[in-house]
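In what follows, a structure is listed as structure tokens, so that the remarks can point back to it.
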Amino acid sequence: MSKKEKPIVFISYSHKDEKWKDLLIPHLKTYQNLGHLDVWDDRRIQHGQDWHDEIKEAMEKASFAICLISADFFASEFIFNEEIPYLLEKRKNEGMPILPVLIRQCGWDAIPWLKRIQMFPRDSKCVAKDYLGNEDEVFNDVAKNIHNLATDPAFTLPSPSITSEYPAIEESKIDLTRLPQSGSELFGRSKELQFLTQSWDEGDLNITTLVAYGGVGKTTLVNRWLEQMALENFRGASRVFGWSFYSQGTGERVTSADQFISASLKWFGDREPEKGSAWDKGLRLAKLVREQRTLLILDGLEPLQSEHEKGKIKDPALSVLVRELAKKNSGLCVITIREEVTEIKKVEAVKEKSLEEISAQAGRALLRVSGVRGTDQELEHISERFGNHALTIQLLASWLYGIKGHEASHALEINLPKKGKSQKEIFAAVAEALDKQLANTPEGELAQLMGLFDRPVEDTAVQTFIQKPAIPGLTDLLSELPPVEMEKTKARARQKKLLLPESVHTPQITDAHPLIREYYGERLEQEKKGAWEEAHLRLYAHYKATARELPETMEEMAPLSTLLLHTDARQANTRRPLSKCTGKRSKGKRNISTQKNLALTAPDSRSSPPFSPPPGTRPNRGSGKGTRPLS
263 MSKKEKPIVF ISYSHKDEKW KDLLIPHLKT YQNLGHLDVW DDRRIQHGQD
313 WHDEIKEAME KASFAICLIS ADFFASEFIF NEEIPYLLEK RKNEGMPILP
363 VLIRQCGWDA IPWLKRIQMF PRDSKCVAKD YLGNEDEVFN DVAKNIHNLA
413 TDPAFTLPSP SITSEYPAIE ESKIDLTRLP QSGSELFGRS KELQFLTQSW
463 DEGDLNITTL VAYGGVGKTT LVNRWLEQMA LENFRGASRV FGWSFYSQGT
513 GERVTSADQF ISASLKWFGD REPEKGSAWD KGLRLAKLVR EQRTLLILDG
563 LEPLQSEHEK GKIKDPALSV LVRELAKKNS GLCVITIREE VTEIKKVEAV
613 KEKSLEEISA QAGRALLRVS GVRGTDQELE HISERFGNHA LTIQLLASWL
663 YGIKGHEASH ALEINLPKKG KSQKEIFAAV AEALDKQLAN TPEGELAQLM
713 GLFDRPVEDT AVQTFIQKPA IPGLTDLLSE LPPVEMEKTK ARARQKKLLL
763 PESVHTPQIT DAHPLIREYY GERLEQEKKG AWEEAHLRLY AHYKATAREL
813 PETMEEMAPL STLLLHTDAR QANTRRPLSK CTGKRSKGKR NISTQKNLAL
863 TAPDSRSSPP FSPPPGTRPN RGSGKGTRPL S
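Here the sequence shown stands for residues 263 to 893, numbered as in the working numbering.
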């Protein structure tokens with residue numbers, strides 16, 4: 263470590279253990295006054311600062327972390343779901359030392375990562391009982407250990423290493439790149455995280471399903487669990503594979519699992535992934551998955567469920583796969599979905615977990631970490647008033663933070679339906695308030711653009727809009743932005759929860775929650791029809807230019823299927839070029855049928871306009887009203 267650097271010691275603790283933290287700090291301050299350390303705890307946050315961001319920044323800069331262990335430490339949602347995963351990830355990637363100090367006896371030995379780290383004091387003793395009145399002995403030992411490391415000229419942060427009791431998996435045996443990026447905050451889900459870990463460890467279940475409507479945080483929960491599992495080398499898994507079927511639209515759709523089946527067969531080692539019937543492919547894939555203990559994640563399965571037979575999977579290959587794994591599976595399949603899967607409902611080795619809503623306490627935490635001010639009782643009341651719905655609460659927090667003082671009481675200014683209010687109506691009321699607050703801002707315009715799509719948007723498509731001339735009423739500000747400012751606009755939109763965090767796998771993609779898409783899509787069509795039409799004409803031209811002349815695979819057909827979504831801007835302008843564009847290109851080397859495969863690969867073919875689209879339909883509307891499927 264460079265002598266010019268002053269290593270930061272980050273203290274993670276429950277406020278119920280503050281008296282013990284106050285006894286520890288003087289021992290560290292001794293070395294701080296010598297210029298060897300800098301001690302950070304959350305009492306350094308000044309009034310009015312965003313304490314969530316301050317804590318994150320402190321953890322980023324920290325060279326050492328001290329965790330004051332007690333039952334209250336693990337009971338803290340913020341510590342358990344935010345601080346600990348971040349610190350463990352930093353320990354894994356950067357070798358940052360973590361020094362746990364057992365303040366009060368608790369079930370610490372049930373925490374896998376903690377069992378492998380040297381605890382202070384030794385021999386399972388705790389400060390509050392075994393060193394009561396003699397706490398200095400323990401705290402001096404902790405401070406001296408950190409000082410010795412920080413001042414040793416030969417000391418460098420150890421190389422990243424995995425100390426898990428489970429053997430490491432080859433990188434080629436892990437593929438989670440197709441899972442969507444999600445929000446980072448996760449509150450009130452410790453029981454669900456524990457449920458997933460137990461489902462894997464105990465091995466009694468073949469499939470677990472996480473069931474909830476949009477915006478509750480199913481994907482965030484799974485992503486956080488996978489992060490924790492990764493720190494443990496996936497706890498004995500031989501292979502880990504994830505796939506998302508949800509193209510981020512909000513309604514029913516006619517779609518296919520062909521791409522998933524083909525890619526999965528190839529990844530699991532099938533030599534002829536295109537061979538055989540759908541039924542045969544499903545059986546082969548189930549057999550391959552069973553051969554080794556596999557963690558399989560199927561995210562957003564609802565697009566593959568039938569609208570006529572509630573909950574039934576309509577794709578034959580996927581239906582066979584799920585039913586076979588439900589009967590026999592050496593690993594675990596985790597499914598996130600909005601409705602129960604009827605085919606496996608009564609299978610003993612399948613368990614469903616409902617995530618209908620977060621708790622009022624978790625809603626309070628979401629508001630608190632977003633900088634909203636108010637008492638615990640006020641914040642919990644507001645969470646309940648707005649349905650305890652995670653995304654709604656996050657947008658509400660963004661709106662409140664945009665008001666001077668950030669006071670929770672301003673939430674009462676948002677008018678909600680008095681009787682029979684649905685969660686969608688509550689969400690729309692909050693989204694409208696935030697939309698008005700962001701009027702005439704680049705991030706507000708960027709959020710509107712998300713309403714034109716039902717799936718993640720590549721940056722090249724976004725460029726179609728922000729280049730001049732501006733689309734009046736839609737990109738007046740965005741068209742003037744240089745690239746650097748555009749990135750700043752994205753960052754602000756993500757901070758407001760209007761966009762999802764940047765994907766580590768596909769940074770060239772911009773993504774938004776489906777409920778955000780639906781809200782802005784409806785507003786655009788209803789209130790800015792001219793801009794809506796011009797935007798789809800530009801997208802039509804973009805996807806026509808990017809589609810391959812003779813596509814040979816389902817992936818290469820994707821630009822054509824997306825192109826169909828944007829042919830409704832003007833019937834007279836689109837019908838001729840569409841048939842010209844798709845006619846020749848449907849005759850690739852593998853003789854792909856445009857009519858069949860565009861329907862299979864289209865983001866939402868129920869809501870995709872047909873070759874002669876009726877006027878007034880909207881490509882990304884989930885209901886499909888006013889449209890007819892490709893025929």
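Yeah, the Cβ is synthetic: ideal placement off N, Cα and C, and Gly gets one too.
Measure the alpha-carbon distance for Ile328 versus Gln623 and round it to whole angstroms.
26 Å
Taking just the CA atoms, how far does Asp300 sit from Ala320?
11 Å
For Ala755, which residues in the same chain have their Cβ closer than 7 Å to its Cβ, ignoring the five residues on either side in sequence?
Glu705, Leu708, Ala709, Leu761
Count the other CB atoms, across all protein chains shown, that sit within 10 Å of the CB of Asn650; report buried if there are 16 or more and exposed otherwise.
buried
Spatial distance of Phe401 from Asn495 (CA atoms)
Whole-angstrom Cα-Cα distance: 32 Å.
Determine whether the beta carbon atoms of Arg440 and Leu483 lie at a separation below 8 Å.
no
Are the Cβ atoms of Ala652 and Glu339 separated by less than 8 Å?
No; because the gap between Cβ atoms is not below 8 Å, this pair is not in contact.
Name the one or two DSSP bridge partners that Trp302 has.
The partner list for Trp302 (beta bridge, DSSP) reads Phe272.
Decide if the stretch 785-801 is in contact with the stretch 464-478; the criterion is three or more beta carbon pairs, one per stretch, under 8 Å apart.
no
What span of residues does the alpha helix (DSSP H) with Arg785 cover, start to end?
776-789
Just list the residues that DSSP pairs Ala327 with in beta bridges.
Phe272, Ile360
Throw me the rounded Cβ distance for the Ala333 and Arg366 pair, which I believe falls under 8 Å.
7 Å
Taking the beta strand (DSSP E) that Ile469 falls in, what are its first and last residues?
Secondary structure note for Ile469: its beta strand (DSSP E) is the uninterrupted segment 469-473.
If you follow the beta strand (DSSP E) that Asp577 is part of, which residue opens it and which one closes it?
That residue, Asp577, is in no beta strand (DSSP E); it is neither H nor E in DSSP.
Across the stretch 562-579 and the stretch 594-605, are there enough close Cβ pairs to call them in contact, namely three or more that are closer than 8 Å?
yes
I need the straight-line Cα distance from Leu617 to Arg486, nearest angstrom please.
Rounded to the nearest whole angstrom, the C-alpha separation of Leu617 and Arg486 is 15 Å.
Cβ contact (3+ pairs, closer than 8 Å) linking the stretch 768-775 and the stretch 671-680:
no
Distance, Cα to Cα, Gln739 vs Glu694?
Contrary to the premise, residue 739 reads as Leu rather than Gln in this sequence. Spanning the two alpha carbons is a distance of roughly 20 Å.
For Thr726, which residues from the same chain have a beta carbon less than 7 Å from its beta carbon, with the 5 sequence-adjacent residues on both sides left out?
Taken in chain order, the residues that qualify are Arg800, Leu801, His804.
Would Phe326 pass as a contact of Pro288 if the rule is Cβ separation under 8 Å?
no
Trp505, enclosing beta strand (DSSP E) - first and last residue
501-506
Rounding to the nearest angstrom, what Cα-Cα distance links Gly395 and Glu280 in this structure?
Those two C-alpha atoms are separated by around 16 Å.
Element boundaries [alpha helix (DSSP H), containing Ile408]
Counting along the chain, the alpha helix (DSSP H) containing Ile408 begins and ends at 397-413.
Where the alpha helix (DSSP H) containing Asp334 begins and where it ends
333-337
Cα-Cα separation between Ser645 and Gly625, rounded to whole angstroms
5 Å
Just grab the DSSP bridge partners of Ile559 for me.
Gly504, Val596
Take every Cβ of the stretch 535-555, pair it with every Cβ of the stretch 519-527, and state whether three or more of those distances are shorter than 8 Å.
yes
Separation of Ala430 from Leu587, as counted between CA atoms
Cα atoms of Leu587 and Ala430: separation of roughly 25 Å, rounded to the nearest angstrom.
Report the rounded CA-to-CA distance for Ile728 versus Val692, giving the unit in angstroms.
27 Å
Backbone secondary structure at Arg717 - three-state DSSP:
If DSSP states are grouped into helix, strand and coil, Arg717 belongs with coil.
With distances taken between CB atoms, is the gap from Ala690 to Tyr781 smaller than 8 Å?
yes
Could you tell me which residues DSSP pairs with Asp466 in its beta bridges?
In the DSSP output, where bridge partners are listed per residue, Asp466 has none listed.
Do Pro347 and Glu489 count as a contact pair if the criterion is CB distance below 8 Å?
yes
Could you pull out every residue in the same chain whose Cβ sits closer than 6 Å to the Cβ of Gly713, ignoring the five residues on either side in sequence?
Arg779, Tyr782, Gly783, Leu786
So, using beta-carbon positions, are Arg497 and Trp529 closer together than 8 Å?
It is not a contact, given that the beta carbons lie outside the stated cut-off.
Assign Arg552 to one of three DSSP states: helix, strand, or coil.
helix
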